[in-house]
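J.:
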Amino acid sequence: MEKPSLPKGTRDFGPQTMARRNFILQSIRTVFQKFGFQPLETPAMESLETLTGKYGEEGDQLLFKILDNGDFLKNVDAAKLEIRNSKLVTSEISGKGLRYDLTVPFARYVVMNRHEITLPFKRYQIQPVWRADRPQKGRYREFYQCDADVVGTDSLICEAEIILMIKEVMALLNISDYSIKINHRGVLNGIAEVIQATGKETDLFVAIDKLEKIGEENVRKELAEKGFSTQQQDILFDLLNTTGLAEQKLATLSAAFSSSPSGKKGIDELKDVFNLLELYKSTTDNVEFDIALARGLSYYTGCIFEVKINNVSIGSISGGGRYDNLTQAFGAKEKLSGVGFSFGIDRIFDAMEELNLFPKETTASSKVLICHFDEATLQYGLAILTSLRSAGIASEIYPDISKLKKQLDYANKKNIPYTIVLGEEELKTDMCTIKNMLTGEQQKQPTEQIVHYFS
RNA sequence: GUGAUCGUAGCUCAGUUGGUUAGAGCGCCUGAUUGUGGUUCAGGAGGUCGUGGGUUCGAGCCCCAUCUUUCACCCCA
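Oh and the first sequence: position 435 is 438 in the numbering used here, straight run, nothing missing.
#1: Closest to Thr13 by C-alpha separation, out of Lys252, Lys140 and Leu70, would be which residue?
#2: How would you label Gly17, buried or exposed, when you count the other beta carbons within 10 angstroms and need 16 or more for buried?
#3: Could you check how far apart the C-beta atoms of Leu385 and Val454 are, in whole angstroms? I think they sit under 8 Å.
#4: How would you call His375, buried or exposed, if buried means at least 16 neighbouring beta carbons within 10 angstroms?
#5: Going along the chain, which residues of its own chain have a beta-carbon closer than 8 Å to the beta-carbon of Glu444, five neighbours each way excluded?
#6: Helix, strand or coil, according to DSSP, for Lys284 in the structure here?
#7: Hey, how far is the Cα of Phe67 from the Cα of Leu76?
#8: Please tell me whether Tyr58 and Ser345 are closer than 8 Å, where the distance is taken between their beta carbons.
#9: Could you name each continuous beta strand (DSSP E) segment of 3 residues or more that falls completely within the segment 41-104, going from the start of the chain to the end?
#10: Considering only residues of the same chain and omitting the five flanking positions on each side of Leu360, which have a CB-CB separation below 6 Å?
#11: Can you tell me which residues form a DSSP beta bridge with Asn221?
#12: Among Pro46, Ser50, Arg137 and Pro10, which has the Cα closest to the Cα of Leu65?
#13: Are the beta-carbon atoms of Leu242 and Ala259 separated by less than 8 Å?
#14: Helix, strand or coil for Gly305? Go by DSSP, reduced to three states.
#15: Measuring alpha carbon to alpha carbon, tell me which residue in Met434, Ala135 and Phe240 is nearest Lys11.
#16: Quick check on Gln199: does DSSP put it in helix, strand or coil?
#17: For the structure I just gave you, are there three or more beta carbon pairs, one from the segment 48-55 and one from the segment 93-109, closer than 8 Å?
#18: According to DSSP, which residues form a beta bridge with Gln345?
#19: What is the DSSP secondary structure of Ile317, reduced to helix, strand or coil?
#20: Quick one: using the 10 Å Cβ neighbour count with 16 as the cut-off for buried, is Met4 buried or exposed?
#21: Taking the alpha-carbon of Ile183 as reference, which of Asp237, Leu191, His118 and Lys170 has the nearest alpha-carbon?
#22: Looking only at its chain, what residues have a beta carbon closer than 6 Å to the beta carbon of Leu175, apart from the 5 residues adjacent to it on each side?
#23: What residue range does the alpha helix (DSSP H) around Ile27 cover?
#24: Around the Cβ of Arg212, are there at least 16 other Cβ atoms within 10 angstroms (buried) or fewer (exposed)?
Here you go:
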């Protein structure tokens, strides 16, 4: 028998890890529900047609495909097989794939269930997604996303509330040093128009998104390679180097985009979002208008977001934006606009670990362990155990008859704060010896009082 | 997908130019203490050196392949 192992980029989560993950999950869920989002789950696998073409070329490459059942090679064109290029036959041997994110399955769900959905529809979804990426730190092939999306309204209130939710989650998790970056596809398109690079948006956006990481000089180098003139670069960096607070930046760019409708629209919407935050009586601490923020899947059309925890070696922990055409990709006739964002709890976990932010008490375990010496005291203990549990006190009994030392060791290892020791003495007198495992203190209580003692 | 990188006991790591039965600390088990743990002391168990080939009289060490880890690119949570 070979030693068992896990596929690349996947992990098991032990009890301690699960306690911490659940803490993060619970914080996010609480906030989503508080803002009026309702839960949805969709299958791990989707039809390949649902998934392909939604994430751009790169995305399609990262999809996990599932082999058809049965004799899937039977009807494949022999000539194609001969060439031995698997891409040629994937569509014939695989009809399903694992979901790549939660937004696309959500859009599919909305289109399929349009008749029973009341707009605007707000749902949250917490499920794993899979990407055939090369694993690195903070990058896995199976990871959880926690999405909240609203579909069926253009209102920028949704954008503002996304920021509010992010802030609430961060507060619950005790993360204070982070930034929420916001930008707008319109602003990016405006930049492309202003520097006369329409048609080359992708190259442009990919390059400027790296600004913070690789610096102006390297971005210029990359742009030059992609055929952008020095003059274009100069105008571009004039815009990108706009400094000041969000309001100032927006004012400056507003002027620069006077001849670009989409740029102007982007600026106006961002201004509205900031105004709304004020009306919500929320501060704009941690919120940053970042003109160079370009990331986001290809389906975004309006505001885009990204959240980064500062001073950790983990990439962004959250991202999202507005998408106008996603439901139309599934054949919907009416135009439904959606906005959403997603937390990556695996990355939040890694970041919190790095920052030592986990509260110590997250390892949930029993409050009481019942220890005993023989068959008689064990049986006596079972009755006590039952009454403790009926009172809602998490408790357990040591299942084997063994030395007290071993039983107390077990309590220590599981971080159980109290033990009840039952011996011949206790049995005879109907008493329990209660031991505080932290202080070592011991005291006797009548057995009938035991539930009362712990409640 | 491209180019690198790591793998020795449960964990963290030593291991000389290739040379006998591969080591340490922590952890684990047993006892000192047959009704008292987290301290101490004594003893013990545990490794096909990631896996599969190859070179060699001889491989943890060299070569090839493969899996896993980490890193850069790409992209992303």
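Even glycine gets a Cβ: it sits at the ideal position worked out from N, Cα and C. In this text the structure is predicted, and so the values were computed from the model without any measurement.
T.: With the given structure in hand:
#1: Position 10 of the first sequence holds residue 13. Checked all of Lys252, Lys140 and Leu70; the closest Cα to Thr13 is Lys140.
#2: Within the first sequence, the letter at position 14 stands for residue 17. By the neighbour-count rule (16 or more Cβ atoms within 10 Å), Gly17 is not buried but exposed.
#3: What you label residue 385 is simply residue 382 of the first sequence in a count that begins at 1. What you label residue 454 is simply residue 451 of the first sequence in a count that begins at 1. That belief does not hold up - the Cβ atoms of Leu385 and Val454 are roughly 15 Å apart, past 8 Å.
#4: Translated into the one-based positions of the first sequence, residue 375 becomes position 372. With at least 16 other beta carbons inside 10 angstroms of its own, His375 counts as buried.
#5: Taking the first sequence and counting its residues from 1, the one referred to as residue 444 is at position 441. Within the same chain, Glu444 has close Cβ partners Lys438.
#6: Taking the first residue of the first sequence as position 1, residue 284 is located at position 281. Residue state, collapsed to three classes: coil.
#7: Position 64 of the first sequence holds residue 67. Position 73 of the first sequence holds residue 76. Looking at the two C-alpha atoms, the distance is approximately 19 Å.
#8: The count along the first sequence starts at 1 and reaches residue 58 at position 55. The count along the first sequence starts at 1 and reaches residue 345 at position 342. Not a contact, by the Cβ cut-off of 8 Å.
#9: 48-50, 68-70 and 97-101
#10: As a first step, residue 360 is located in the first sequence; it is residue number 357 there, counting from the start. These residues qualify, in order along the chain: Asn177.
#11: As a position in the first sequence, residue 221 is number 218, starting the count at 1. According to DSSP, which records beta bridges pairwise, Asn221 is partnered with nothing at all.
#12: For the purposes of this step, residue 65 is identified with residue 62 of the first sequence, where counting begins at 1. Cα-wise, what sits closest to Leu65 is Arg137.
#13: Numbered from 1 along the first sequence, position 239 holds the residue referred to as residue 242. Numbered from 1 along the first sequence, position 256 holds the residue referred to as residue 259. Against a cut-off of 8 Å, the Cβ pair of Ala259 and Leu242 comes out as a contact.
#14: By 1-based counting over the first sequence, the position of residue 305 is 302. In the structure shown, the three-state DSSP call for Gly305 is coil.
#15: Against the first sequence, residue 11 aligns to sequence position 8. When each option's Cα is compared against that of Lys11, the closest is Ala135.
#16: For the purposes of this step, residue 199 is taken as the residue at position 196 of the first sequence. If DSSP states are grouped into helix, strand and coil, Gln199 belongs with coil.
#17: yes
#18: The residue you call residue 345 lines up with position 342 of the first sequence. For the sequence presented, residue 345 should be read as Ser rather than Gln. Bridge partners of Ser345: Asp150 and Gly322.
#19: Along the first sequence, read from residue 1 onward, the residue named residue 317 stands at position 314. Residue state, collapsed to three classes: coil.
#20: Numbered from 1 along the first sequence, position 1 holds the residue referred to as residue 4. Legend: pLDDT at Met4 = 43, less than 50; position of this residue unreliable, no value from coordinates given.
#21: Here residue 183 is taken as the residue at index 180 of the first sequence, counted from 1. Answer by Cα proximity: Lys170.
#22: Taking the first sequence and counting its residues from 1, one reaches residue 175 at position 172. Result list for Leu175: Ser30, in chain order.
#23: Here residue 27 refers to the residue found at position 24 of the first sequence. Pro18 to Lys37 is the span of the alpha helix (DSSP H), which, as asked, contains Ile27.
#24: On the first sequence, residue 212 is found 209 positions in, with the first residue counted as 1. Just to set this straight, residue 212 is Asp in the shown sequence, not Arg. The residue is buried, with at least 16 neighbouring Cβ atoms inside 10 Å.
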